[in-house]
Structures are given as C-alpha cells and as structure tokens.
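> In terms of my numbering, the sequence shown opens at residue 588 and continues consecutively.
In this text, a Cβ means the ideal position worked out from N, Cα and C, and glycines have one as well.
Dumping the structure here so I can ask a few things about it.
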Amino acid sequence: MINDLPDDPTQLDTETLTFLFRDGGLAPSNPGVEVAEVTAEPLAQGSAFLGSLARLNITWANPDTALPNRFVAKVPTRDPGGRTVGKMLNVWVRESEFYARLAPLVATPVPTCRANFISGDQAVLLLDDLHPASVGDQLIGASADQAHAAVEALAQLHAPFWGRPRTPAVAWVPGLDTPGTSEALGSAMAASLPRFTERFGDLLPELGLEWLRAFVPLLSQWRADLLSKPLTIAHADYRLENMLFGPDGDITVIDWQTAMFTGGATDLSFFLATNLEVDLRRSLEPELISKYIDTLIGHGVDASATAHVREDYEHAHLWWMGMLANNLSNIETPDERSKSLFEAMLTRLYTAATDVDCGRFCK
Numbered sequence: 588m589i590n591d592l593p594d595d596p597t598q599l600d601t602e603t604l605t606f607l608f609r610d611g612g613l614a615p616s617n618p619g620v621e622v623a624e625v626t627a628e629p630l631a632q633g634s635a636f637l638g639s640l641a642r643l644n645i646t647w648a649n650p651d652t653a654l655p656n657r658f659v660a661k662v663p664t665r666d667p668g669g670r671t672v673g674k675m676l677n678v679w680v681r682e683s684e685f686y687a688r689l690a691p692l693v694a695t696p697v698p699t700c701r702a703n704f705i706s707g708d709q710a711v712l713l714l715d716d717l718h719p720a721s722v723g724d725q726l727i728g729a730s731a732d733q734a735h736a737a738v739e740a741l742a743q744l745h746a747p748f749w750g751r752p753r754t755p756a757v758a759w760v761p762g763l764d765t766p767g768t769s770e771a772l773g774s775a776m777a778a779s780l781p782r783f784t785e786r787f788g789d790l791l792p793e794l795g796l797e798w799l800r801a802f803v804p805l806l807s808q809w810r811a812d813l814l815s816k817p818l819t820i821a822h823a824d825y826r827l828e829n830m831l832f833g834p835d836g837d838i839t840v841i842d843w844q845t846a847m848f849t850g851g852a853t854d855l856s857f858f859l860a861t862n863l864e865v866d867l868r869r870s871l872e873p874e875l876i877s878k879y880i881d882t883l884i885g886h887g888v889d890a891s892a893t894a895h896v897r898e899d900y901e902h903a904h905l906w907w908m909g910m911l912a913n914n915l916s917n918i919e920t921p922d923e924r925s926k927s928l929f930e931a932m933l934t935r936l937y938t939a940a941t942d943v944d945c946g947r948f949c950k
C-alpha cells in the first residue's frame, strides 16, 4: 500500500489511513484502530518547499480510540524542482530517520509521530496536530518574543551533542564531516550560479554576488575550518515556518528533513539572517547571539567551546548564500507568496552579510 500513496495528502482515504495508523511503519503501531471518516485541508500553501502538507480531521470507528482526532499528514513535494533538491539532499529518508531514531534524544519539543513510512520516492508521516499553536510567518518576520524563543530552543537542540563523538544512536546522521561533501556541494553550487543570478541577481547587491562567486571555490577551506571546531546536530532549515508557537509562547519545531552534523552557528546564521526584518535583526543580533551562547553554557557546554561562535555565525552567512543559490535556483515559485518569501530571505541574508563585511572571509 505504501507504493500506492497519493502525492496529495488531502487524498488520503479511510482505508489507507487505517493501514498507516495500525501498522505505524517506523512509528509505534496501533493495532485494531479504524478510521471511519476523514476530512482534509491543505496546509502551508507556498511555504513547504520540500513537502506537501494537509491537516486531517479523523473520526474513529471506536470513539474510545486512544489517539487524537487531528493530525498533519506530510508527503514529498509535487514540485519537480523541489523533488530534485529533495533527492540530492536525501531529505525524506533523513526526516523518517529523525522521527524513528533521533526525536527521543533531542530536548527541543517536536510533534509525536503516529505513522512513518518510506519506500523509494514514496514517504508519509502522520504527526499530531498541535492546534491551537500556529506556524510562524517568515515573510512577515519574527517578533522579538518569537526570536528569543527560537534561539533558546535552538541552543537546547545543539547543547547535548556539542563537540561529542557520534554514538551508534546518531551514527546515521549525515553531516559536513562526511568525506567528499565539500566537493559535491561545491560543484552543485557552482553549477547553480548562472541560473540563480538570472533569476535573482537584480534583487541583490553586486558586491554580495561577488562574495558568493568568491566563496564557492573556497568551500573546502570553510569546511576544514568548521571541522576543526565542535560539531553538533543541527536542524539546517531553522526558519519560522518550521516552528509552531502556542498561545503562551511555547515553541515546537517541525520539518526535520535536513537534520545534520555541522557547526551550530550555521543554524543561528540562517535563523537570524533570513527570518528577522533587517532593522529588528540589527537591534537584537548582539543579545540573541549572547542568549544562544549563554543557553549552551547553561545546558552543559563548556564556555571555552563557544569562543568561536560569533565569528562562525558571520562566516556562515556565506555558506547560506551558496546553499540558497543552489536550492532556490532549482525550486519554482508556484505563487506570489513563495516569490515574495524567496526575495525576502535573499535580501535579508545579503544585508546581514554586508553588515559584517563577509567579504573579509574571501581574501
């Protein structure tokens, strides 16, 4: 049945859902449950770059079924460019493995996974819906309170793994320490530059584009510097639309398709540089970086192991310039919101890079 899944999660029917919940796949099974009715609505239109999402309202045949009634279903994106990026980064396997093996080990709150199946290009996750929590809006940008909550949660994610050797439980997690990574990514970034410049070059300062072109051949040097310092497990797509905020400000982090071993400052760079409006980022940046470091230390990381964070944070802006050049050059913009979001991410990032003179890392 897993090989016959619809590519639109709103089309999951009662028979398929009953099978998914009963078996569980890589999630705990629920023998005997039966879905009597389901209604579905699409979620995150224009913002879920590598996945298609739907909210499911379930009526159980047995009203005493010990499962909730609201879930989020997630399947791979239907966008051809998004599928190309997803296959290159192996994102659906990574997210499946995260919920099966890593979720119990992280301190950051994540949704409970009720079904977890993957077979070739087919994959599906059924996650508890966290209503009334709502997804952040990256286009609008984070509020100060959201930014503080996100940075604290990020440090809580990173701290338990900071500088520690890979245990068998996390040996499967891919990372920038994998041999050949910089060569493969460098080639992909270089190949993407003409299309990226054609699509987005008019938005961006020529100086920033010069830095991007200069950084790509230096990727292996950046990686070597990164590997000389403590690594951790990072989210690697840490943005507002992968976060749910409850009425009391509590945060849950979703979308673990890109979890990887890398420097923690790469996550911090992506969040602050692309998720905050420029003026707010400029005003909050010093205190948010300090909050991140202080939270790491408060969760057991030795202060001496964080001395490099501020400079690595700035250097990582160039990494994200390269990664977004590669990813966004392949993903189409299906609607005006997606187009506006891509443009906002890029202009914020290039402004952040200019603010700290990232060109100094390219000399």
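Output the distance between the C-alpha atoms of Thr754 and Asp854, rounded to the nearest integer angstrom.
Taking the straight line joining both Cα atoms gives about 22 Å.
> Would DSSP call Thr715 helix, strand or coil?
Per the sequence shown, residue 715 should be read as Asp rather than Thr. Residue state, collapsed to three classes: strand.
> Would you list, in sequence order, the uninterrupted beta strand (DSSP E) runs of no fewer than 3 residues that lie entirely inside the region 800-843?
Within the region 800-843, the complete beta strand (DSSP E) runs of at least 3 residues are 819-821, 830-832 and 838-840.
> Judging by CA-CA distance, which residue of Leu791, Ser774 and Thr765 is the nearest neighbour of Leu805?
Checked all of Leu791, Ser774 and Thr765; the closest Cα to Leu805 is Ser774.
> If I measure Cβ to Cβ from Leu883 and keep anything under 7 Å in the same chain, skipping five residues before and after, which residues do I get?
Answer for Leu883: Ala742, His745, Ala746, Trp749 and Thr893, listed in chain order.
> For Thr754, name the three-state secondary structure that DSSP assigns.
The answer is coil: DSSP assigns Thr754 none of H, G, I, E or B.
> To which residues of the same chain is Ser736 closer than 8 Å at the C-beta, ignoring the five residues directly before and after it?
Looking at the sequence provided, one finds Ala at residue 736 rather than Ser. Excluding sequence neighbours, Ala736 sits near Phe832, Gly836, Asp837 and Ile838.
> Answer with buried or exposed for Thr819, where buried requires no fewer than 16 other C-beta atoms within 10 angstroms of its C-beta.
Result: buried.
> Select from Trp906, Asn829, Asp594 and Phe608 the residue whose C-alpha is nearest the C-alpha of Arg657.
Comparing Cα-Cα distances from Arg657 to each of Trp906, Asn829, Asp594 and Phe608, the minimum goes to Phe608.
> For Ser634, count neighbouring C-beta atoms within 10 Å of its own C-beta (all shown protein chains included) and say buried if the count is 16 or more, exposed if not.
Reliability fails at Ser634, whose pLDDT of 45 lies under 50, so the model's placement of it is uncertain and no value is given.
> From Arg681 to Ala846, what distance separates their C-alpha atoms?
The straight-line gap from Cα to Cα measures roughly 7 Å.
> Looking at C-beta atoms only, is the number of pairs between the region 781-793 and the region 869-878 that lie closer than 8 Å three or more?
Judged by Cβ distances under 8 Å, the region 781-793 makes no contact with the region 869-878, as fewer than three pairs qualify.
> Is the region 671-681 in contact with the region 855-871, if contact means three or more CB pairs nearer than 8 Å?
The region 671-681 vs the region 855-871: no contact.
> Is the region 660-671 touching the region 593-601, taking contact as three or more C-beta pairs under 8 Å?
With the cut-off at 8 Å, the region 660-671 and the region 593-601 touch.
> Tell me whether Gly584 sits in a helix, a strand or coil according to DSSP, three-state version.
The chain is shown only over 588 to 950; residue 584 falls outside these bounds and no answer can be derived.
> Let me know if Arg751 comes out buried or exposed under the rule of 16 or more other beta-carbons within 10 Å of its beta-carbon.
Classification for Arg751: exposed.
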